[in-house]
Amino acid sequence: MLDGKEEIRLAIFLGSILLVILSSIILFAILYFKIRHSKHIKEKKLLSQQFNETLLQTQLEIQEQTLKTISQEIHDNIGQILSLTKLTLSRMDANKQEDLLTKIEDSKILVSKAIQDLRDLSRSLNTDNIVELGLVKAIEYENDMLKKAGFNTNFIIMGVVTRLESQKELIIFRIVQEMFNNILKHADATHINILINFEDQLIIMIDDNGKGFSHQHLENDSKIKGIGLRNMRSRASLIGGNFTINSNVGEGTQIKIMVPLNESISNLT
Amino acid sequence: MQTLYWVYYLLLFINYLLYLAVRKLDRQLLPIGILLLFSLIVELFVEWHINRSISYYFLYHVYGPIEYVMLCLYFKNFLPQRLKKVVSWSILFVVPASLLISYKLISFTGYQGLNTAIRGTLIILIGITCLFSLPVENFKTIFESPAFTIITAYIIFFSGTLLSNGVYNGLLKQYPSEKPYYQKIHSFVNLSFNYLLYLLIATSLICLMAKKKYD
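Chains as they are written, first to last, in the numbering used here: chain B, 412 to 680; chain U, 41 to 255.
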């Protein structure tokens, strides 16, 4: 049987062994943290690389679409006006003074219209302009354009208008712009509702009273349009947002973009 | 020896002041802050009781379960979701069990060695689990994390005092004539590990302040 002092020695001995074991565990925990940390760094790098690649791809897509829009706008609109001007000017008869004045006046109006259209196009495509104006103003400007084009629109803002990072605003604006283009080209709509809500998160809802479409039809027959919608969705997810579209034949189309207000792009990189 | 105790109280007080200075930098430290303040109050009460030769062990019987609750609340921050629940449930079992042991087996006037050993073992186990699940996102090395130093400090403290606390009552019962000798050794072991504990906590709090200042 051990006496008291031996028991204490034994307790000290066992205590020391326990401390050594725990020290080893702590050392192992340090090593394990290091392994987990380097794994985390690798994952972060990979994620950042993927993000940059997607961003670049999106930027290229946006650029391509912008060029397509410019080309279409010049061909369908400004080109037509200028052709009409040329036709008017070429049909001028120097002998008929009154006709001459009328045709010059007509040409002046047409050239003014072409200049105005060019200004609108430039303003709508200029990235700096969008960054400077902010998302809400830029969408408001597009809304004015839709009104000028003969659409009946409702533009509502809810909550306190908050500026997001410029890159984020630009991506959202391009999604909205693409949606407006789709309405103009394919929807046969007369009325468009635009709602921008800044409560909790940024929610943009656009709906029209056009002919709508079925999702199945979209996937089967209209690949290009399908790609456009997919692009809008992938762009929204790129900035940490969500894009949904609801449509049925004859019931118009509704899109919803939701983007968190506090998640910045720099956080993702 | 008395001077060493007063230095220890001063160290506890400094720890609490350091906590107050960094409390806004790391909100998770709240249970540790409460525990530091409570420890200081209990130790000063113990000192007051000793000076008047009144039994003071009952204070530790109350302090022990509260210490367990506070440490669990702090450690929970670093545990995976599933284990968080286990730790929360452990509070519901350990606190009444600890008080029951105090009441039935030891009595509130005796030294709570068995309770401390049981709680200490659990804290060591929870602490070790925490060390393996500390978040890697915000720190370049584990040493930058105040949680690592604090958890390690408590693991060392409880493992260092585990056997001394566990056998203390038994030794006193078996060899009453050696009581002053055992008391001296027990006080020395506890005081030394308390010093180490609070020095490590102070280091982690100072490092946290420095990190936030230069970040």
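Even for Gly, the Cβ is constructed at its ideal location relative to N, Cα and C.
Where residue i sits in the DSSP three-state scheme
i, result
"Lys667 of chain B", "strand"
"Ser658 of chain B", "strand"
"Asn234 of chain U", "helix"
"Asn155 of chain U", "helix"
"Asn379 of chain B", "Not covered by the structure: residue 379 of chain B. The range shown for chain B is 412 to 680."
"Met503 of chain B", "coil"
"Asn205 of chain U", "helix"
"Tyr108 of chain U", "helix"
"Pro120 of chain U", "coil"
"Ser93 of chain U", "coil"
"Thr181 of chain U", "coil"
"Pro175 of chain U", "coil"
"Gly150 of chain U", "coil"
"Arg63 of chain U", "coil"
"Phe624 of chain B", "coil"
"Ile635 of chain B", "Interpretation of Ile635 of chain B is limited by its pLDDT of 49, a score under 50 that renders its predicted location unreliable; the figure taken from the coordinates is listed afterwards. Ile635 of chain B: helix per DSSP, three-state reduction."
"Tyr221 of chain U", "helix"
"Leu140 of chain U", "helix"
"Tyr215 of chain U", "coil"
"Leu145 of chain U", "helix"
"Leu672 of chain B", "coil"
"Asn55 of chain U", "helix"
Nearest-angstrom Cβ-Cβ length linking residue i and residue j, presumed shorter than 8 Å
i, j, result
"Asp504 of chain B", "Asp510 of chain B", "6 Å"
"Leu248 of chain U", "Pro186 of chain U", "5 Å"
"Gly545 of chain B", "Asp618 of chain B", "Rounded, the Cβ-Cβ distance is 23 Å, inconsistent with contact."
"Thr201 of chain U", "Asn230 of chain U", "6 Å"
"Thr192 of chain U", "Ile437 of chain B", "6 Å"
"Glu553 of chain B", "Phe609 of chain B", "About 18 Å; that fails the 8 Å criterion."
"Ala440 of chain B", "Phe172 of chain U", "6 Å"
"Glu83 of chain U", "Tyr114 of chain U", "That pair is no contact at about 20 Å."
"His602 of chain B", "Asn620 of chain B", "5 Å"
Residue-chain proximity (residue i, chain U), Cβ-Cβ < 8 Å
i, result
"Leu430 of chain B", "yes"
"Leu425 of chain B", "yes"
"Arg447 of chain B", "yes"
"Ala687 of chain B", "Nothing in the structure corresponds to residue 687 of chain B, since chain B is present only between 412 and 680."
"Leu457 of chain B", "no"
"Leu438 of chain B", "no"
"Ile635 of chain B", "Here the model assigns Ile635 of chain B a pLDDT of 49, short of 50, so the residue's position is not dependable, and the following value carries that caveat. Not one chain U Cβ lies under 8 Å of Ile635 of chain B."
"His451 of chain B", "yes"
"Phe462 of chain B", "no"
"Ile529 of chain B", "The sequence shown places Leu at residue 529 of chain B, not Ile. Judged by the 8 Å Cβ criterion, Leu529 of chain B is not in contact with chain U."
"Leu433 of chain B", "yes"
"Val660 of chain B", "no"
"Tyr552 of chain B", "no"
"Phe444 of chain B", "yes"
"Ile582 of chain B", "no"
"Ile441 of chain B", "yes"
Below-8 Å beta-carbon distance, residue i vs any chain B residue
i, result
"Gly200 of chain U", "yes"
"Ile166 of chain U", "no"
"Ser204 of chain U", "yes"
"Ile195 of chain U", "yes"
"Leu139 of chain U", "no"
"Ile182 of chain U", "yes"
"Phe233 of chain U", "no"
"Val207 of chain U", "yes"
"Thr192 of chain U", "yes"
"Phe133 of chain U", "no"
"Phe115 of chain U", "no"
"Phe172 of chain U", "yes"
C-beta atoms of residue i and residue j nearer than 8 Å
i, j, result
"Tyr108 of chain U", "Val127 of chain U", "no"
"Phe188 of chain U", "Ile182 of chain U", "yes"
"Ile54 of chain U", "Phe78 of chain U", "no"
"Leu613 of chain B", "Leu649 of chain B", "no"
"Ile163 of chain U", "Phe198 of chain U", "yes"
"Ile541 of chain B", "Leu581 of chain B", "yes"
"Asn657 of chain B", "Ile605 of chain B", "no"
"Thr496 of chain B", "Val522 of chain B", "yes"
"Leu52 of chain U", "Leu76 of chain U", "yes"
"Leu203 of chain U", "Leu430 of chain B", "no"
"Ile568 of chain B", "Ile615 of chain B", "no"
"Ile141 of chain U", "Cys112 of chain U", "no"
"Phe85 of chain U", "Thr149 of chain U", "no"
"Ile481 of chain B", "Asp528 of chain B", "no"
"Tyr208 of chain U", "Tyr151 of chain U", "yes"
"Thr469 of chain B", "Arg646 of chain B", "yes"
Beta carbon proximity, residue i to chain D, threshold 8 Å
i, result
"Val176 of chain U", "This model lacks chain D altogether; the protein chains it does include are B and U."
message: For a minimum of 3 consecutive residues, which ranges assigned as the beta strand (DSSP E) are wholly contained in the stretch 543–619 of chain B?
response: 563–569, 602–608 and 612–619
field: Whole runs of the alpha helix (DSSP H) within the stretch 427–506 of chain B, excluding any shorter than 4 residues
entry: Every alpha helix (DSSP H) stretch that sits fully inside the stretch 427–506 of chain B and reaches 4 residues is listed by chain position as 490–501.
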